[in-house]
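Notes to accompany the following structure.
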Amino acid sequence: GLMAHYNPNRVKTPLKRTNPQKGVGVDPKWQEISYEEAINTVAEKLRTVLDDPRKLHAYCWGYDCGLPALAVSIGTPHIQFAGAHECGKAVHPIEHMAAGGFHQQTDFHYCNYAIYVGTQGGVAARSAFTHLVKDFADARARGMRLVVVDPVGGYAAAKADEWVPIRPGTDAAFALAFMNVLINDLGIYDAQFLKKGSNGAYLVAEDGYYLRDTASGKPMVFDPVDGKAKTYDDPAVKDRALEGSYLVGGNTAMPAFELVKRHMAKHSPEWAEEITTVPAATIRRLAKEFGTAAQIGSTIQLEGREFPFRPVSVDWARGPQGHKHGFHHSWALKLINILVGNVNMPGGILSTGAMGKNPFQWGPEGGIDGMLTHAGWAPIAKLQIPSSFPGRTPAKPERMDLLELFPLAGHGTTLFPIAASDPEKFGLDYKFEVAMHTPSNLIMSTYADLKLAEKFYGSIPFVVGYATELNETNEAFDDIVLPLPSYLERQDAGATQTFDGMYSLLSPVGQDDWYYQIRPKIVEPPPGVRHPFEISMDIAEKLGMTSQFNKVLNQTIRFSDSQKLDTTRKPTLNEFHDKIIRSMFGPETGVEWAKEHGVVRIHRDAEESYPGPYMAANGMRLPIYLEHFPRKGEELEEVIQGMGMEWDYSDYAALPEFMPCDVFEGRKKGKFDLVGVHYKLAFVYGHYSNENPWIDEICERTPYTYPVLINEDVGKKKGIKDGDDIWLETPVRKVKAVAKLTQCIHPEAVGIAGHFGHWAKGMPISKGKGVAYNPLLPHTLEAIDKVSTALDNCVPIRVSKVEG
107 GLMAHYNPNR VKTPLKRTNP QKGVGVDPKW QEISYEEAIN TVAEKLRTVL DDPRKLHAYC
167 WGYDCGLPAL AVSIGTPHIQ FAGAHECGKA VHPIEHMAAG GFHQQTDFHY CNYAIYVGTQ
227 GGVAARSAFT HLVKDFADAR ARGMRLVVVD PVGGYAAAKA DEWVPIRPGT DAAFALAFMN
287 VLINDLGIYD AQFLKKGSNG AYLVAEDGYY LRDTASGKPM VFDPVDGKAK TYDDPAVKDR
347 ALEGSYLVGG NTAMPAFELV KRHMAKHSPE WAEEITTVPA ATIRRLAKEF GTAAQIGSTI
407 QLEGREFPFR PVSVDWARGP QGHKHGFHHS WALKLINILV GNVNMPGGIL STGAMGKNPF
467 QWGPEGGIDG MLTHAGWAPI AKLQIPSSFP GRTPAKPERM DLLELFPLAG HGTTLFPIAA
527 SDPEKFGLDY KFEVAMHTPS NLIMSTYADL KLAEKFYGSI PFVVGYATEL NETNEAFDDI
587 VLPLPSYLER QDAGATQTFD GMYSLLSPVG QDDWYYQIRP KIVEPPPGVR HPFEISMDIA
647 EKLGMTSQFN KVLNQTIRFS DSQKLDTTRK PTLNEFHDKI IRSMFGPETG VEWAKEHGVV
707 RIHRDAEESY PGPYMAANGM RLPIYLEHFP RKGEELEEVI QGMGMEWDYS DYAALPEFMP
767 CDVFEGRKKG KFDLVGVHYK LAFVYGHYSN ENPWIDEICE RTPYTYPVLI NEDVGKKKGI
827 KDGDDIWLET PVRKVKAVAK LTQCIHPEAV GIAGHFGHWA KGMPISKGKG VAYNPLLPHT
887 LEAIDKVSTA LDNCVPIRVS KVEG
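Counting from 107, one number per residue, gives the positions in the sequence shown under our numbering.
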């Protein structure tokens, strides 16, 4: 933060492009302008899309700058909240559907055995990182065992008891065999939780759908005590069968758990070894260790109350979800946790922001078929990233993110450049004419194939964006650039960052207090530099939309009734923040009170920390069988056929499957013999710190940052030595890099770290260093997961030595 504040290349005044030509490598010929000219220009351009707001694209990830409220006020459906093409693709919809929160974290307070698959929580990256580092270190000192399953032996593996190299893109195969050992070989699963806290006892007919009561339409379960089927919520149910086959009303049906059991039996560790390269003996051993450590049936006393104690966790994030069939990789891993009953239980895998009691109350809700239906943070879930349950009704697209064709997806970040580059293909009769974006680097970090990203953003006639320093997106496509005051120069109330006044979406989990604060302005910004939220309010006023803008804020921020914004006038920034603070902590508080009190710390009780028992007791069952998936596939097929398109419906399966990325077949046929993978660094957060001289110094002195990782044995076979210049070639791009030979990477993988490879003139410190991973990836409809819309991060790659 300090280095960004003092960066001599910071943008400190609004800028206007004077060169009408746009594109990568084009000099924009910036001209400094006043805020008045900038705001008038932006308002004038926005006025042209008021009759058809679909023509506005608003990118709102990161520091929100008031853009979400402005975009909603105008009426566009094209508000892009996700930070990158793989951001939260499977994690958030699965958490909404199967845990009740926003993200997942291991409960470092009580966990004894954690498995990380393609993630590094508490070690590198992930949310609440600086807090989780200490939690993680304390857990390791306490004796928590950590196993890391990852193609790269990176920062998490360095802190682990065991690193298990795995072939990229095969996580589902590992998980399926793991569950087979747990369930069928060892008989380890939480039967009581599956009966009462999941749909494991729901009877499934031969057609794959629930057997339903003819009168009420409710799913049925089989009561072995009375020897007959009853509705799942019948108070007369004495027990629920998890296994067996039953004839009910002329229909043969099995409990969902029986189907899971039989499905897993098809996936032996030997089968998985052929796919993953993880030895069958290792899979068996890890499953046994994990199952034993789960201590199914044990309890723990917390604050005078007894909780189930399940001190094991399988945590995963970007790695498994970033594939063509990424939802199934992710769902298979989540299912391990559900089967041992550790979701939102002490020691298990916890869902961030699922439940809270102070300073206001929120929590998940049950509903459809007795399943978890609404996440605790329902406004976020519904507005930004919807759940994968129950899904939406497929339809012919009207949106440029094509979400109508992805009824179970949380968001469609990856679809914008595909649809906008060829809208007629999808029956869309409009194009984007105006775009607004936060200080992010869209063409390098948000999309993939650089040519497609350039075509997409270059097709939008007018673009306005914020900037700390002038990055590649600003340089290539922005018509107006607005400066972002540093964090030392602006007052922020955390509520404005999440659009709906919620703080805990990505907070630490377990028995940690809730923390709330206002971030005060410490120093004055450069002359004339203004808070971005004020700019959005000014633009709304120019458009005559102050009333609508304030109504949107009133609906999406948890203002108390007495603190609602006056819809007839523009509030000051201080007034806006004051109302947020008073709404949360009482009318006697406010901004000055918040500054005086600093951080407000509120005790989080055991039930808030571990809402699993609460959810089960209040009729919120977690899915182990996705009964609605095949139905959505059938509905979608009708729409796709009507559009005359071809589609892959294989992902719409009720049980997790392993389906390989296209790269596996491609490697057999062509010149691309390796697989590119991306890994994160503990000291680099996206592109934001690339211009920090201190961070750059670390990268320069650390051999696992700017160079790319190649397995030592593979490198020697190719005649490549440590430090050699090499070519990296993928189907869409060829770039030069430096080789780092190591045994800490799977022999079939090439590891590319961080978010480097800059070429913008406004970023001289990071210019020409390292490799940008995303632009190496093909960005096509065929390379996208048909459930989550995740782009396949498995890229076929050829490595060769630079000669001469």
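Beta carbons are placed, not taken as given, at the ideal position from N, Cα and C, and that holds for glycine. Quick caveat, the model's predicted, so the values are computed rather than measured.
Can the beta-carbon of residue i be found less than 9 Å from the beta-carbon of residue j?
{"i": "Lys-161", "j": "Lys-537", "result": "yes"}
{"i": "Arg-727", "j": "Gly-564", "result": "no"}
{"i": "Ala-110", "j": "Thr-811", "result": "no"}
{"i": "Gly-207", "j": "Ala-438", "result": "no"}
{"i": "Arg-505", "j": "His-184", "result": "yes"}
{"i": "Leu-883", "j": "Phe-495", "result": "no"}
{"i": "Tyr-222", "j": "Asp-256", "result": "yes"}
{"i": "Lys-774", "j": "Ser-906", "result": "no"}
{"i": "Ile-645", "j": "Ala-149", "result": "yes"}
{"i": "Gln-768", "j": "Ala-889", "result": "In the sequence on display, residue 768 carries Asp and not Gln. Contact: yes."}
{"i": "Ser-715", "j": "Asp-618", "result": "yes"}
{"i": "Pro-361", "j": "Ala-342", "result": "no"}
{"i": "Glu-445", "j": "Val-366", "result": "The displayed chain sequence assigns Leu, not Glu, to residue 445. Cβ distance < 9 Å, so Leu-445 and Val-366 count as in contact."}
{"i": "Pro-174", "j": "Ala-190", "result": "no"}
{"i": "Thr-552", "j": "Gln-849", "result": "no"}
{"i": "Gln-669", "j": "Lys-648", "result": "no"}
{"i": "Leu-288", "j": "Ile-442", "result": "yes"}
With distance defined between alpha-carbon atoms, name the residue in the options nearest to residue i.
{"i": "Thr-225", "options": "Gln-654, Tyr-785, Asp-898", "result": "Tyr-785"}
{"i": "Ser-527", "options": "Leu-887, Glu-138, Glu-143, Gly-868", "result": "Leu-887"}
{"i": "Pro-159", "options": "Val-132, Ala-177, Thr-520, Tyr-622", "result": "Ala-177"}
{"i": "Gln-747", "options": "Met-451, Phe-532, Ala-541", "result": "Phe-532"}
{"i": "Ala-866", "options": "Tyr-141, Gly-314, Asn-577, Phe-280", "result": "Asn-577"}
{"i": "Thr-398", "options": "Asp-291, Gly-725, Asn-796", "result": "Asp-291"}
{"i": "Asn-817", "options": "Val-155, Ser-551, Pro-134, Val-258", "result": "Val-258"}
{"i": "Gly-447", "options": "Ala-845, Pro-853, Gly-107, Thr-405", "result": "Thr-405"}
{"i": "Val-254", "options": "Glu-143, Arg-248, Pro-271, Ala-247", "result": "Pro-271"}
{"i": "Ala-400", "options": "Tyr-295, Ala-423, Glu-409, Asp-319", "result": "Tyr-295"}
{"i": "Met-250", "options": "Ala-220, Glu-268, Ala-264", "result": "Ala-220"}
{"i": "Leu-679", "options": "Leu-659, Pro-693, Gly-692", "result": "Leu-659"}
{"i": "Trp-468", "options": "Val-706, Ile-871, His-198, Arg-664", "result": "Arg-664"}
{"i": "Glu-763", "options": "Ile-687, Gly-314, Phe-433, Pro-114", "result": "Phe-433"}
{"i": "Gly-772", "options": "Leu-282, Pro-837, Ile-442", "result": "Pro-837"}
{"i": "Gly-792", "options": "Met-550, Ser-351, Ala-845", "result": "Met-550"}
{"i": "Asp-667", "options": "Arg-688, Val-820, Glu-268", "result": "Arg-688"}
Might you give, ordered along the chain, the residues of its own chain that have their beta carbon closer than 7 Å to the beta carbon of residue i, omitting 5 neighbours on each side?
{"i": "Val-908", "result": "Asp-831, Ile-832, Trp-833, Lys-842"}
{"i": "Pro-677", "result": "Leu-671"}
{"i": "Asn-286", "result": "Met-370, Ala-371, His-373, Ser-374"}
{"i": "Val-877", "result": "Val-814, Leu-834, Val-841, Ala-843, Ile-858, Phe-862, Gly-863"}
{"i": "Ala-92", "result": "Beyond the ends of the chain as shown, which are 107 and 910, falls residue 92; an answer cannot be given."}
{"i": "Gly-129", "result": "Glu-560, Gly-564, Ala-582"}
{"i": "Ala-521", "result": "Reading off the sequence shown, one finds Leu at residue 521, where the question assumed Ala. So the qualifying residues of the chain are Asp-507, Leu-508, Thr-895."}
{"i": "Val-629", "result": "Leu-594, Glu-595"}
Identify, in the order they occur along the chain, each residue of the same chain with its Cβ nearer than 6 Å to the Cβ of residue i, setting aside the five sequence neighbours on each side.
{"i": "Pro-567", "result": "Glu-539"}
{"i": "Val-569", "result": "Ala-541, Phe-583, Asp-584, Asp-585"}
{"i": "Ser-642", "result": "Gly-172, Leu-176"}
{"i": "Tyr-261", "result": "Gln-226, Val-229, Ala-230, Ala-788"}
{"i": "Met-690", "result": "Pro-465"}
{"i": "Thr-602", "result": "The predicted position of Thr-602 is uncertain, since its pLDDT is 42 and thus under 50; a value taken from the coordinates is nonetheless stated next. Within the same chain, Thr-602 has no close Cβ partners at all."}
{"i": "Ser-304", "result": "Arg-727, Leu-728, Ile-730"}
{"i": "Ala-335", "result": "Met-326, Phe-328, Val-354"}
Among residues of its own chain, excluding the 5 on either side of residue i, which ones have a beta-carbon nearer than 8 Å to its beta-carbon?
{"i": "Lys-627", "result": "Leu-594, Glu-595, Arg-596, Gln-597"}
{"i": "Tyr-755", "result": "Gly-739, Leu-742, Glu-743, Lys-892"}
{"i": "Leu-238", "result": "Gln-211, Phe-214, Gly-227, Gly-228, Arg-232, Pro-614"}
{"i": "Ser-592", "result": "Gly-107, Ala-110, His-111, Arg-116, Thr-574, Pro-631"}
{"i": "Glu-409", "result": "Asp-711, Ala-712"}
Closer than 8 Å to a non-hydrogen atom of the ligand MN - does that hold for the CB of residue i?
{"i": "Leu-162", "result": "The ligand MN is not among the ligands present in this structure, which contains no ligands whatsoever."}
### Query
Taking one C-beta from the stretch 768-781 and one from the stretch 894-903 each time, how about it: are there three or more such pairs within less than 8 Å?
yes
### Task
Could you tell me whether the stretch 275-287 touches the stretch 318-330, using the rule of 3 or more Cβ pairs below 8 Å?
no
### Task
Evaluate contact between the stretch 446-455 and the stretch 402-420, counting only Cβ atoms and requiring at least three cross-stretch pairs below 8 Å.
Touching, per the Cβ criterion.
#### Entry: Touching by the beta-carbon criterion (3+ pairs, under 8 Å), the stretch 123-135 and the stretch 511-521
no
### Message
Quick check on the DSSP output: what are the complete alpha helix (DSSP H) runs of length 4 or more inside the stretch 128-185, in order along the chain?
### Response
141-153, 173-180
### Query
Which ranges does the beta strand (DSSP E) cover as unbroken runs of at least 3 residues, wholly within the stretch 365-415, from first to last along the chain?
405-408, 411-414
### Query
Whole beta strand (DSSP E) runs in the stretch 544-595 with 3 or more residues, listed along the chain?
568-573, 586-589
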